[in-house]
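**Student:** 4 is the number of the first residue of the sequence shown in the numbering used here; add one for each residue after it. Where a beta carbon is used, it is the ideal one built from N, C-alpha and C, also for glycine.
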Amino acid sequence: MRETDQDFELPELVGNRPGDSALIYLSLGSLGSADVDLMKRLVDVLGRTPHRFIVSKGPQHEDFELADNMIGMEFLPQTKVIPQVDLVITHGGNNTTTESMHFGKPMILLPLFWDQYDNAQRMDELGFGVRLSTYAFTDQEMFDALEKLLGDYELRARMNKIGALIRERDGLHAGADIIESVALGKVGSLA
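1) Using a threshold of 8 Å, state whether the C-beta atoms of Phe56 and Leu79 are closer than that.
2) Among all the DSSP beta bridges, which residues are the ones paired with Thr93?
3) Using the beta-carbon count (16 or more within 10 Å), is Gln81 buried or exposed?
4) Quick check on Met76: buried or exposed, where buried means 16 or more other Cβ atoms within 10 Å of its Cβ?
5) Is it the case that the Cβ atoms of Ser33 and Pro62 are separated by a distance below 8 Å?
6) To which residues does DSSP link Ile57 through a beta bridge?
7) When burial is assigned at 16 or more other CB atoms within 10 Å of the CB, is Ile111 buried or exposed?
8) DSSP on Arg134, reduced to helix/strand/coil?
9) Out of Leu16, Gly22 and Leu26, which one is the CA nearest neighbour of Pro109?
10) Helix, strand or coil: how does DSSP classify Glu65 here?
11) Since I believe Gly107 is in contact with Gly2 (beta carbons under 8 Å), could you give me their beta-carbon distance rounded to a whole number of angstroms?
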């Protein structure tokens with residue numbers, strides 16, 4: 004998992020929210036967020052929910068406005084944001100998917116390219132999220148996916164447990180140690 008030095012403090016709009024609203028992170032990666040029409044559609048649909056959103060607006064950040072229940076910036080320190088939210092809406096890229104799992108967050112996945120389709124399908128099949136058709140989802144499908152994932156307390160507990168296991172195993176440092184051993188010719192058992 005990537006490490007981020009930049010801090011992120013929840014702004015008041017999303018930090019002090021009504022008890023019946025969740026905090027959700029929306030990030031479609033730099034390529035996905037460059038699709039201004041898609042971002043505008045998501046802002047419109049999600050802006051009609053009671054929830055609060057933190058939006059990674061991407062390179063076209065000046066080309067669309069956020070709804071009143073959203074805050075966002077061109078880029079955000081994702082590994083500082085995800086631990087603070089209840090749910091992640093993502094394109095299913097490797098970084099966001101693994102970081103969401105690392106922090107135990109369910110996902111709504113809107114794949115755009117290549118491996119994202121496989122990642123989204125796997126997360127859906129394993130019950131860690133809901134895959135929607137990126138350009139053909141209906142408003143109601145998005146609302147239903149939000150309520151399904153946010154209302155499934157067993158899933159959220161399971162995701163928290165999975166995230167804790169991933170963090171406990173510290174794959175980043177374990178992998179670095181293996182690479183260093185191989186590079187130094189100290190290859191023993193990799194098991």
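**Tutor:** Inspection of the coordinates gives the following:
1) Phe56 is not a Cβ neighbour of Leu79, given a cutoff of 8 Å.
2) Ser30 and Leu112
3) buried
4) It is exposed - the Cβ of Met76 has fewer than 16 other Cβ atoms within 10 Å.
5) A Cβ-Cβ contact shorter than 8 Å links Ser33 with Pro62.
6) Looking at the DSSP assignment, Ile57 forms a beta bridge with Tyr28 and Ile74.
7) buried
8) Residue state, collapsed to three classes: strand.
9) Leu26
10) helix
11) No answer is possible for residue 2: it lies beyond the span of the chain, which begins at 4 and ends at 194.
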